[in-house]
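Read left to right, the sequence shown gives residues 89 to 388 (my numbering). We put the beta carbon where it would ideally sit given N, CA and C, even for glycine.
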Amino acid sequence: MKNRRLPILFIILLVWITGCSASGENKSEKMSQSNDVAMDNTQSGTGEQANFYSSEMGKADKTVEPDKVKVQNQMVIYQADLELRVKKFDKTVQTLEEKVIKYGGYITESNVSKEGKEQVSGSIRIRIPQKNFQTFLHDAESQAAEVLQRNITGQDVTEEYVDLKSRLKSKRVVEERLTTFMKSAVKTEDLLKISADLAVVQEEIEAIEGKMKFLENQTSFSTVNITLYEKSVVIPTIDKDKLNTWEKTKKQFMKSINMLLVGLSGLVVFIIGNIPVIAILLLLGFLFVFFYRKKKNRPE
Numbered sequence: 089m090k091n092r093r094l095p096i097l098f099i100i101l102l103v104w105i106t107g108c109s110a111s112g113e114n115k116s117e118k119m120s121q122s123n124d125v126a127m128d129n130t131q132s133g134t135g136e137q138a139n140f141y142s143s144e145m146g147k148a149d150k151t152v153e154p155d156k157v158k159v160q161n162q163m164v165i166y167q168a169d170l171e172l173r174v175k176k177f178d179k180t181v182q183t184l185e186e187k188v189i190k191y192g193g194y195i196t197e198s199n200v201s202k203e204g205k206e207q208v209s210g211s212i213r214i215r216i217p218q219k220n221f222q223t224f225l226h227d228a229e230s231q232a233a234e235v236l237q238r239n240i241t242g243q244d245v246t247e248e249y250v251d252l253k254s255r256l257k258s259k260r261v262v263e264e265r266l267t268t269f270m271k272s273a274v275k276t277e278d279l280l281k282i283s284a285d286l287a288v289v290q291e292e293i294e295a296i297e298g299k300m301k302f303l304e305n306q307t308s309f310s311t312v313n314i315t316l317y318e319k320s321v322v323i324p325t326i327d328k329d330k331l332n333t334w335e336k337t338k339k340q341f342m343k344s345i346n347m348l349l350v351g352l353s354g355l356v357v358f359i360i361g362n363i364p365v366i367a368i369l370l371l372l373g374f375l376f377v378f379f380y381r382k383k384k385n386r387p388e
């Protein structure tokens, strides 16, 4: 009986050991699968965080494709160059200055040059509102005795302005996105990167706005360069100052008197100042004459 129980116990023990081994393997597989899932989730989270900025910026780049912005009126920079011959230079300049104030313009440069009494010339650079451009040109030419040259040029900058406006719109969108990213950034590295990109975009915005303002100013005000010439013939007149005969006679008489007095004064000074020398010379002359006559009268 005992011999029969031993094989049965051995079989039960073998089955129990096998079952424990299978259970351990299942638990190991479950733990391994759990660890794999956790690692996958961790790696996924890290990649998502790292690629958040670049993916969102990619969306921003696609979103901010520049659209065509329409401008109601053509933007043209006008410039006129006039050369005028005028009868009265000063009066013409004064009239032009009054016209500039009347039409809401301003003078940026003015100069005058004179060549003797016959030639006077000058130039004026004027900025005048474009709406009064043609009217002012007509008024300026009406002040001239002769229009020597008239040249008007225009540069259409509408397309350039539209392009700048589109770029500005796109940069504004990028600036807004970067500001949003900066608020939600957690890592210092990401914050510094976004801050640097934002500074670059803001500089580009300032440059575009400056160029747009320049074009707006150039198109809203036109430039007029005016060169003026005045040539007058000077007729000689009688100079009464040069024909004052009586004054000239008195002047010449006094000159003669002065010369005579100077001569007499010099003679008196010479004689009185040289009396010792003159006395010696006279004495020597007297002795010479005396001995000469005495010798001549001596009998031979």
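Nearest-angstrom Cα separation, counted from residue j out to residue i
| i | j | result |
| --- | --- | --- |
| G193 | I216 | 4 angstroms |
| D285 | N305 | 31 angstroms |
| T268 | L303 | 32 angstroms |
| G210 | T311 | 17 angstroms |
| D251 | K202 | 48 angstroms |
| V261 | M163 | 26 angstroms |
| N220 | E277 | 57 angstroms |
| Y249 | M300 | 7 angstroms |
| N161 | Q243 | 14 angstroms |
| F341 | N332 | 15 angstroms |
| K384 | G351 | 42 angstroms |
| Q207 | V235 | 17 angstroms |
| L355 | L375 | 27 angstroms |
| K339 | K190 | 60 angstroms |
| E294 | A287 | 11 angstroms |
| E247 | F177 | 42 angstroms |
| L349 | E335 | 21 angstroms |
| V188 | H226 | 13 angstroms |
| M347 | S353 | 10 angstroms |
| L369 | T337 | 44 angstroms |
| N362 | K382 | 30 angstroms |
| M119 | K275 | Low confidence applies here, because M119 scores a pLDDT of 41, under 50, leaving its location unreliable and the question unanswered by this model. |
| Q222 | G298 | 28 angstroms |
| F379 | V357 | 33 angstroms |
| V377 | K343 | 44 angstroms |
| G373 | P364 | 14 angstroms |
Where the alpha helix (DSSP H) through residue i begins and ends
| i | result |
| --- | --- |
| K339 | 333 to 361 |
| K319 | K319 -> not in any alpha helix (DSSP H); beta strand (DSSP E) instead, spanning 309 to 319. |
Close Cβ partners of residue i (< 8 angstroms) along its chain, the five nearest in sequence each way excluded
| i | result |
| --- | --- |
| F309 | G193, R215, I216, P217, Q218 |
| I359 | I366 |
| Q231 | L172, V174, T180, T183, L184 |
| Q290 | E263 |
| V245 | M163, V164, I165, L303, Q306, T307 |
| S283 | M270 |
| E229 | L170, L172, V235, R238 |
Own chain residues within Cβ distance below 7 angstroms of residue i, not counting five before or after
| i | result |
| --- | --- |
| A233 | R173, V174, K175 |
| L279 | M270, A273 |
| D128 | Confidence at D128 is low in this model, with a pLDDT of 43, below 50, so the placement of that residue should be treated as unreliable; the coordinate-derived value is given next. For D128, where only same-chain residues beyond five positions count, there are no Cβ hits under 7 angstroms. |
| E292 | K259 |
| I345 | none |
Residue i beta carbon near the ligand ADP (any heavy atom closer than 8 angstroms)
| i | result |
| --- | --- |
| R265 | Of the ligands one can find in the structure shown there are none, so the ligand ADP has no counterpart to examine. |
Residues near residue i in its chain [Cβ-Cβ closer than 6 angstroms; skip 5 each side]
| i | result |
| --- | --- |
| L256 | I296 |
| T307 | M163, I165 |
| V200 | G210 |
| R213 | T196, E197, N313 |
| S116 | Confidence at S116 is low in this model, with a pLDDT of 47, below 50, so its placement is unreliable and the value that follows should be read with caution. None. |
Q) Hey, is the segment 177 to 186 in contact with the segment 305 to 318, meaning 3+ C-beta pairs nearer than 8 angstroms? A) yes
**Q.** beta strand (DSSP E) segments (min. 3 residues) lying fully within the segment 204 to 286
**A.** Taken in chain order, the unbroken stretches of beta strand (DSSP E) that lie wholly in the segment 204 to 286 and span 3 residues or more are 207 to 217, 234 to 244.
Q.
Runs of 4 residues minimum, wholly inside the segment 165 to 191: which ones carry the alpha helix (DSSP H) assignment?
A. Taking only runs of at least 4 residues, the alpha helix (DSSP H) segments lying wholly in the segment 165 to 191 are 177 to 190.
Q. At a cut of 8 angstroms, does the segment 231 to 249 reach the segment 164 to 171 through at least three beta carbon pairs?
A. Touching, per the Cβ criterion.
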